[in-house]
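Residue numbers (our numbering), protein chains in the order written: chain R, 1 to 339; chain L, 1001 to 1339.
Ideal Cβ placement from N, Cα and C applies to all residues, glycine included.
There are 2 protein chains.
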Amino acid sequence: MSTTSGRPRRATVHDVAVVAGVSRGTISRYVNGDPYVSASAREAIEAAIAEVGYVPNTAARHLVMQRTESVAFIVHEPHSLFVEDPNIGGILLGANAALSEADHQMAVLIVDSERDTDRVARYLSGGSVDGAIIVSARANDPVARVVEKLKIPAAFVGHPPGASSAAFVVIDNRGSARAITSRLLETGRRRVGMIAAALDRDSGSDRLAGFTDALGDRFDPGLIEPVPLYSYSAGRDGMTALLERAPDIDGVFAASDAVAAGAMEALRAAGRRVPIDVGVVGFDDSAWARRTLPALSTVRQPAEGLGRQAAALVLAQLRGEAAPGEMLLDCEIVWRESA
Amino acid sequence: MSTTSGRPRRATVHDVAVVAGVSRGTISRYVNGDPYVSASAREAIEAAIAEVGYVPNTAARHLVMQRTESVAFIVHEPHSLFVEDPNIGGILLGANAALSEADHQMAVLIVDSERDTDRVARYLSGGSVDGAIIVSARANDPVARVVEKLKIPAAFVGHPPGASSAAFVVIDNRGSARAITSRLLETGRRRVGMIAAALDRDSGSDRLAGFTDALGDRFDPGLIEPVPLYSYSAGRDGMTALLERAPDIDGVFAASDAVAAGAMEALRAAGRRVPIDVGVVGFDDSAWARRTLPALSTVRQPAEGLGRQAAALVLAQLRGEAAPGEMLLDCEIVWRESA
DNA sequence: TTGTACGCGTTATCAT
DNA sequence: ATGATAACGCGTACAA
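Below is the structure:
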């Protein structure tokens, strides 16, 4: 007999029942807050639980309840996770807060490889979670497909890929782009252009749409410079091209802060002063926005709100409520010195 | 009878058995790769599984196996999660990679409130995961206590709080601080100070210790400026104070890159040129380091390595191997233009 | 108010 | 190679 034994066997309802001198049923009732437990039984059970260190076994509970009280938070862009996308942390925290208030556990699942994809798909279909919040799903995402096929209560942050009918929550890209462009116009700029990134994504095309909305009949397609990515270098190159084509430009809406930062570098290189010669506005209010000189006027995404609402959407479905299939969240304009 | 029914009932082994015309035992054997399954049975089972869309139920499996093949990644500093600490993303990814290779699922649990603490503690003690990786545990952390009491296989990233005997992996803060300070001294600086952040944490005090190591008898306590946090503003304020006290300072070791960036702003405001008048070095090689002007010389933490090793420590315990209780990881010095 | 007994979906042991 | 059957630990009708 080894005295320095390994991990202690976990106490079960049975152990508690023996010590407390009542039946297992009563223990279970006590644990689940059933009112039909006598005061004497209650006392005995409490003492017994403390004595044996009982904690209900999750797996057994899940098996019989057919629920886990937990929902997955699936993120599919790990490499950009904490660097490129400044909002994901907020989304995470917002979702966690909302789930926590509803006494649900959030489990973040990182999809970083083919293996991960399969494992996460199994995780979902195996019933380890009651629902899922999915951020940055790609087109034809296997995880998204599993969710769709199994009708797992889910909510996407951003538009769901494909023709999915899943619930989702997005920011009002178009309205926000319209608003900040209008604000830029109000500063008296006459020739305002846009560096439009990622037009193959909803966010990109919506931001462009908002921009044209704001311009109205002043819109000049020659002042639109499409670039592939929301990146610093794309912004720099886009601005360079734009300056060449329209040297008289005096205002720019960059599709993201990173793009704006790149654009400002190009402007500086071209000898244009910001905001005196050219006003620049961005989108996201990421870390970039505070590091540019001058600080960037931009649009702040309600990241925590996105997370909260996505969680709310899932929880509503879990409760069987008829939840809205789509939520549009407003953004806030943060006006600094760049325009 | 509603045709637009809700979620489909999940198929069970039983369903597959009926369709395939074999017993449940054989199904189970097939699913788990047991070689004792005839070719004919195999075929029938494969077809049946596809037909009914069977996926093993995780809870039932966990219940009987007494294992979940998943480990928790617990992080207790959500607010700094994606902002202050640039390494946590790498740690996360490293851990996920290592676990993924071992076919284990990683579940990130965010502790952001009292409620979360309790729920996570239940999650752990209820057997939802086989082990845990814990980052940034606080002194007297209830989660850490649960892990300790239940002897859950675990590994800490950073020193475990209290007198815990748990396994952990840390970077060599002291050695790295000593190394980069020495490097700074080699550039010919005569009056080198330090903005020492978070001295209440091991990382903070170890970095200071490394600094004094390197200075040797040239050490001047008057050139140490303690600041509470690893933040930009703390760096700015600390540098301002330091300049006031020691205007002849010509070298600074900032306890982190964010601190260094703040310090550089203060230097600029004071009219000191970097690196001509003052050499500056940081710690972390975070995003800050590449955005300062000039780019920052700093210490790169092997973030992914930390995650990988922590995971390896947990996996080893899970396999019942005698794992090392403590791992010290070396850092790399990244020399750029700021010194 | 309490105890009994069944079922949740698997795996594993034992016959066959 | 395969089929029965007993666990795994819990919730909950139902009976008392």
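In whole angstroms, what separates the C-alpha of residue i from that of residue j?
| i | j | result |
| --- | --- | --- |
| E64 (chain R) | N140 (chain R) | Sequence inspection shows Val at residue 64 (chain R); the Glu mentioned does not correspond to that position. V64 (chain R) and N140 (chain R): Cα-Cα distance of roughly 34 Å. |
| G1090 (chain L) | P1228 (chain L) | 25 Å |
| S1136 (chain L) | R1119 (chain L) | 18 Å |
| R245 (chain R) | A269 (chain R) | 16 Å |
| H1076 (chain L) | P1302 (chain L) | 20 Å |
| A311 (chain R) | A214 (chain R) | 33 Å |
| V1018 (chain L) | E1051 (chain L) | 12 Å |
| S125 (chain R) | P324 (chain R) | 24 Å |
| T3 (chain R) | I49 (chain R) | Caution is warranted here: a pLDDT of 40 is assigned to T3 (chain R), below 50, making its placement in the model unreliable, and no coordinate value can be reported. |
| D1085 (chain L) | D112 (chain R) | 21 Å |
| R1122 (chain L) | V55 (chain R) | 7 Å |
| G1320 (chain L) | A1144 (chain L) | 21 Å |
| A20 (chain R) | A11 (chain R) | 13 Å |
| L92 (chain R) | D1217 (chain L) | 48 Å |
| P376 (chain R) | I88 (chain R) | As shown, chain R starts at 1 and ends at 339. That puts residue 376 (chain R) outside it, with no answer to give. |
| F31 (chain R) | S38 (chain R) | The residue you asked about is not Phe; residue 31 (chain R) is Val in the sequence shown. About 13 Å. |
| T1068 (chain L) | D1206 (chain L) | 38 Å |
| G222 (chain R) | T212 (chain R) | 12 Å |
| D15 (chain R) | E1114 (chain L) | 29 Å |
| L313 (chain R) | G271 (chain R) | 50 Å |
| A44 (chain R) | L1150 (chain L) | 23 Å |
| G1204 (chain L) | D284 (chain R) | 33 Å |
Please say whether residue j and residue i have beta carbons closer to each other than 7 Å?
| i | j | result |
| --- | --- | --- |
| R1183 (chain L) | G1210 (chain L) | no |
| A266 (chain R) | T292 (chain R) | no |
| E337 (chain R) | A295 (chain R) | yes |
| L1306 (chain L) | A1102 (chain L) | no |
| A197 (chain R) | A289 (chain R) | no |
| F1253 (chain L) | T1187 (chain L) | no |
| H104 (chain R) | S128 (chain R) | no |
| V1146 (chain L) | A1154 (chain L) | no |
| S100 (chain R) | D1116 (chain L) | yes |
| G1235 (chain L) | V1259 (chain L) | yes |
| L318 (chain R) | G33 (chain R) | no |
| V334 (chain R) | R300 (chain R) | yes |
| G1262 (chain L) | S1233 (chain L) | yes |
| F1156 (chain L) | A1166 (chain L) | yes |
| G1282 (chain L) | D1257 (chain L) | yes |
| A1059 (chain L) | A59 (chain R) | yes |
Under 8 Å Cβ to Cβ from residue i, same chain only, skipping five residues before and after it: list those, please.
| i | result |
| --- | --- |
| D1172 (chain L) | L1328, L1329, D1330, C1331 |
| Y1036 (chain L) | R1029 |
| R308 (chain R) | G94, A95, A97, A98 |
| D202 (chain R) | G158, H159, V170, N173 |
| S40 (chain R) | none |
| N57 (chain R) | R10, T12 |
With a CB to CB cut of under 6 Å and the five nearest residues on each side skipped, what residues in its chain are close to residue i?
| i | result |
| --- | --- |
| E225 (chain R) | I195, G238, A241, L242 |
| F1073 (chain L) | A1095, M1106, V1108, I1133 |
| V1013 (chain L) | R1024, I1027 |
| M1 (chain R) | Here M1 (chain R) scores only 38 on pLDDT, less than 50, and its place in the model should not be relied on; the value that follows carries that caveat. If we look at M1 (chain R) and ignore the five residues flanking it on each side, it has no Cβ neighbours. |
| S1005 (chain L) | Low per-residue confidence applies at S1005 (chain L): pLDDT is 46, beneath 50, and the placement is therefore not dependable enough to give any value. |
| G53 (chain R) | A11 |
| H62 (chain R) | T68 |
| S1231 (chain L) | A1258 |
Per DSSP, which one or two residues make a beta bridge with residue i?
| i | result |
| --- | --- |
| T1298 (chain L) | L:V1334 |
| Q1105 (chain L) | L:S1070 |
| E148 (chain R) | Beta-bridge pairing links E148 (chain R) to no other residue. |
| D1248 (chain L) | D1248 (chain L) pairs with nothing; no bridge assigned. |
| V279 (chain R) | The amino acid occupying residue 279 (chain R) in the given sequence is Gly; Val does not appear at that position. BP columns for G279 (chain R) point to R:G251. |
| D284 (chain R) | R:R300 |
| M65 (chain R) | Partner(s): none; M65 (chain R) has no beta bridge. |
| M327 (chain R) | R:V169 |
| E46 (chain R) | DSSP, once it has assigned bridges, lists no residue as partnering E46 (chain R). |
| G1210 (chain L) | Per DSSP, none; premise fails for G1210 (chain L). |
Please list, in chain order, all residues of the same chain as residue i whose beta carbon is under 7 Å from its beta carbon, the five residues on each side excluded.
| i | result |
| --- | --- |
| R190 (chain R) | D250 |
| A1179 (chain L) | I1333 |
Proximal residues, the segment 224–243 of chain R versus chain L, C-beta separation under 8 Å:
none
Contact list for the segment 202–218 of chain R against chain L, Cβ threshold 9 Å
Residues of the segment 202–218 of chain R with a Cβ closer than 9 Å to any Cβ of chain L: none.
Closer than 8 Å, Cβ to Cβ, to anything on chain L: give me those residues from the segment 120–141 of chain R, in chain order.
V120, R122, Y123, S125, G126, G127, S128
Cβ-based contacts, 8 Å cut-off: residues of the segment 91–116 of chain R near chain L
Under the 8 Å Cβ criterion, the segment 91–116 of chain R contributes L92, L93, N96, A97, S100, E101, D103, Q105, M106, A107, V108, L109, I110, D112, S113, R115, D116.
Where the segment 45–74 of chain R meets chain L: residues whose CB sits under 7 Å from a CB there:
V55, P56, N57, T58, A59, A60, H62, L63
Residues within the segment 242–261 of chain R neighbouring chain L, beta-carbon criterion of under 8 Å
none
Which residues, taken in chain order from the segment 1275–1307 of chain L, show a beta carbon closer than 8 Å to some beta carbon of chain R?
Listed by position along the chain: A1287, R1291.
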